[in-house]
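Notes for the one structure printed next.
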Amino acid sequence: MLVYLAYAMSFVLAMMLQYGVFSRWMILSGSPDLVLLLIIALSLHQKNSRFWILVLIMGGVVGLVSALPFFLPMVVYMAVYLVSLSLKQRVWQTPLLGMFLLTFGATILAHFLSISVLFIQRIPFNFTEALVRVMLPSVFLNMFLAIPVHALVRELAVWLNPQGAQV
Amino acid sequence: MRNLFTPKNLRNLILVTVIAGVLILAISGYLTPIFSVSVSPLISAQSWISERYLAFSDFFGSPRDMATLREENTTLRNEVAQLQSEIIALQENLAQAEILYTLLDFARNNPEHEYEAATVIGREISPYLQYIIIDKGSNNGIRFGMPVVTQQGLVGRIDAVISDAARVQLITDAGSTVNVRLKTANVEGQVGGSITGEVSLDMVPIDAQVDVGEVILTSGLGGTYPPNIFVGQVFSMQSNQNALFQTGSVQPIVDFSVLSAVLVITNFEAVDIAPLVP
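Protein sequences, first through last, are from chains A and B. Following my numbering, the numbering of the first sequence begins with 1 at its first residue and continues without gaps. Following my numbering, the numbering of the second sequence begins with 1001 at its first residue and continues without gaps.
Structure below.
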């Protein structure tokens, strides 16, 4: 219970920081996604079988607050969770590598889904511009922030589960 | 009869007379030059002794004083840091107050509308969408579709509302379209956003003479925004002979990157023309 409470609190904190601070952190038109990074790091460090429920709730909350379609964050976060399960078994000795891989893949996925939604909604945009001015800077910023987020979540996991934490 | 003028009494009398004379001369100031000459070496000696004593005292007492001074220095540094943080806080409050005063001036100068001031508390998580979150919601009379402005000009419109917060779609968003009027050219067009936050002008008649710097105002067409709100200025225009309309880029009057407070026009109801669209 304490574990879920701590995860929920860290999610709320990440949401507040994302909307208040990190959304204004821009390179060209790209910005980092702290909530996505937190969910990636939590997925890599958690050991609870029902963590996917929390992931779905987090996706729902982001979907409600954001102007993105409701389902899109849920899809991305669930994909992150499912891939992390497989990744933990394959690259378990180097969780930071897993964090980088998942950050890169999840950011690309989230951006492609966002672009797809714009396309379906018939909102005109230039794909090259989206790639160069939004997606690539966002990937760079997410990769840059992945290290501190991973370190913080690892400390949180060690604090919550001193015996079985993955370090 | 005793002899009063004994040698002893005579010596005492002379001594008293001399002392009294010296005192009278000293009081009357006649002995000042003599005193100054005679006292000066004494003062010099006293000064020398005093200085040496103080130097001696400083030499042995300095470690204690240094510790005291360090403590005082630390305390003063802390006080300076605290005062500096207070100054920064006051400057921030002043900046906020200046913004609110400017908004108030704008509201007074445009009495045809009713306004609700709100603070920007967040920006959209997706970099493809240009939205902000404000700290006023349905409890403050905010409703879907209400226009949002600053003292400078148009910001956007309310896109979603909860009890104590609302989401505003900026005019820089790719899904935003504003019907506008070019003031000098007196022609109408449309201003739209993009995924990168740049604003463009479209649907301007091909034969219209539009100059760079032309002022762009809302036209009120479509019922989404009230007319005559400042949107921006024409930055550049492109026209193709085979095209039906001219296009251009727009410099918005509002700096969306530093948006901190906005006004919501609460007495304007956007017209829903969806049923008219085939």
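Where is the CB? At the ideal position from N, CA and C, for every residue including glycine. A quick note: this is a predicted structure, and the numbers were derived from the prediction, not measured.
Residue-level contact to chain B via CB, residue i, 7 Å cutoff
i, result
"A:Tyr19", "yes"
"A:Arg134", "Arg is not the amino acid found at residue 134 of chain A; the sequence shown has Val there. So, interface residue."
"A:Leu68", "yes"
"A:Phe112", "no"
"A:Ser29", "yes"
"A:Ile123", "yes"
"A:Ala130", "yes"
"A:Ser23", "yes"
"A:Ser138", "yes"
Where residue i falls, given that 16 or more other Cβ within 10 Å makes a residue buried
i, result
"A:Asn142", "buried"
"B:Thr1184", "exposed"
"B:Leu1154", "buried"
"B:Leu1148", "The amino acid at residue 1148 of chain B is misidentified as Leu; the sequence shows Val. The residue is buried, with at least 16 neighbouring Cβ atoms inside 10 Å."
"B:Gln1082", "exposed"
"A:Pro148", "exposed"
"B:Pro1127", "buried"
"A:Ile210", "Absent from the structure is residue 210 of chain A, since the part of chain A shown begins at 1 and ends at 167."
"B:Ser1047", "exposed"
"A:Phe51", "buried"
"B:Lys1136", "buried"
"B:Tyr1053", "exposed"
"B:Leu1103", "buried"
"B:Ile1142", "buried"
Closer than 7 Å to chain A by CB, residue i
i, result
"B:Glu1124", "yes"
"B:Pro1127", "yes"
"B:Ala1174", "yes"
"B:Ile1171", "no"
"B:Val1258", "no"
"B:Thr1119", "no"
"B:Ile1195", "yes"
"B:Tyr1131", "yes"
Pair within 7 Å by beta-carbon distance, residue i and residue j
i, j, result
"A:Val153", "A:Leu42", "yes"
"B:Leu1201", "B:Phe1256", "no"
"A:Gly30", "A:Ser138", "yes"
"B:Gly1232", "B:Gln1130", "no"
"A:Gly98", "A:Leu44", "yes"
"B:Val1204", "B:Thr1172", "no"
"B:Thr1177", "B:Val1254", "no"
"A:Ile115", "B:Ala1174", "no"
"B:Val1250", "B:Phe1235", "yes"
"B:Thr1218", "B:Val1161", "no"
"A:Ser23", "B:Arg1123", "yes"
"B:Val1210", "B:Leu1244", "no"
"A:Phe125", "A:Leu131", "no"
"A:Val35", "A:Met9", "no"
"A:His111", "A:Met135", "yes"
"A:Leu145", "A:Pro32", "yes"
"B:Leu1023", "B:Leu1031", "no"
"B:Val1264", "B:Glu1116", "yes"
"B:Asn1139", "B:Ser1163", "yes"
"A:Val75", "A:Ala106", "no"
"A:Gln18", "B:Ile1125", "yes"
"B:Val1187", "B:Ala1208", "yes"
"B:Met1237", "B:Gly1248", "yes"
Neighbourhood of residue i by C-beta, 7 Å cutoff - its chain only, sequence neighbours within 5 removed
i, result
"A:Val167", "Caution is warranted here: a pLDDT of 43 is assigned to A:Val167, below 50, making its placement in the model unreliable, and no coordinate value can be reported."
"B:Ile1134", "Ala1118, Thr1119, Val1120, Ile1121, Ala1165, Ala1166, Val1168, Val1262"
"B:Phe1268", "His1113, Met1146, Pro1147, Pro1226"
"B:Asp1159", "Tyr1131, Arg1167, Val1168, Gln1169"
Own chain, CB closer than 6 Å to residue i, minus 5 neighbours either side, in chain order
i, result
"A:Leu160", "Val3, Ala6"
"A:Leu72", "Leu113"
"A:Ala165", "Residue confidence is low: A:Ala165 scores 49 on pLDDT, short of 50, so the model does not pin down where it sits. Its coordinate-derived value is still stated next. Counting only Cβ-Cβ distances below 6 Å, and skipping sequence neighbours, we find Ala157, Val158."
"A:Phe11", "Met58"
"B:Ile1132", "Val1120, Arg1123, Val1168"
"B:Val1018", "none"
Residues near residue i by beta carbon distance below 8 Å, same chain, minus five either side
i, result
"B:Ala1271", "Note that residue 1271 of chain B is Val in the sequence shown here, rather than Ala. These residues qualify, in order along the chain: Gly1222, Gly1223, Thr1224."
"A:Ser84", "Ile40, Ser43, Leu44, Gly98, Leu102"
"B:Arg1229", "Per the sequence shown, the amino acid found at residue 1229 of chain B is Ile instead of Arg. The residues are Pro1147, Val1149, Gly1153, Leu1154, Leu1217, Thr1218."
Report the start-end ranges of each beta strand (DSSP E) in the region 1133 to 1168 of chain B that is 3 residues or longer and not cut off at the edges. Runs of beta strand (DSSP E) with 3 or more residues, each lying fully within the region 1133 to 1168 of chain B, are found at 1147 to 1149, 1154 to 1161, listed in chain order.
Ordered list of beta strand (DSSP E) runs contained in the region 1185 to 1247 of chain B, each at least 3 residues: Unbroken beta strand (DSSP E) runs of no fewer than 3 residues, entirely contained in the region 1185 to 1247 of chain B, are found at 1187 to 1192, 1199 to 1205, 1215 to 1218, 1230 to 1238, following chain order.
Go through the region 1063 to 1139 of chain B residue by residue and report every complete run of the beta strand (DSSP E) that reaches 3 residues or more, in order. As for any beta strand (DSSP E) of minimum length 3 sitting wholly inside the region 1063 to 1139 of chain B, the runs are 1115 to 1123, 1131 to 1134, ordered along the chain.
Which ranges would you report for the alpha helix (DSSP H) in the region 92 to 122 of chain A if only whole runs of at least 4 residues count? Listed in chain order, they are 95 to 120.
3-residue-minimum beta strand (DSSP E) runs that sit fully inside the region 5 to 66 of chain A, ordered along the chain: Uninterrupted beta strand (DSSP E) stretches at least 3 residues long and entirely within the region 5 to 66 of chain A do not occur.
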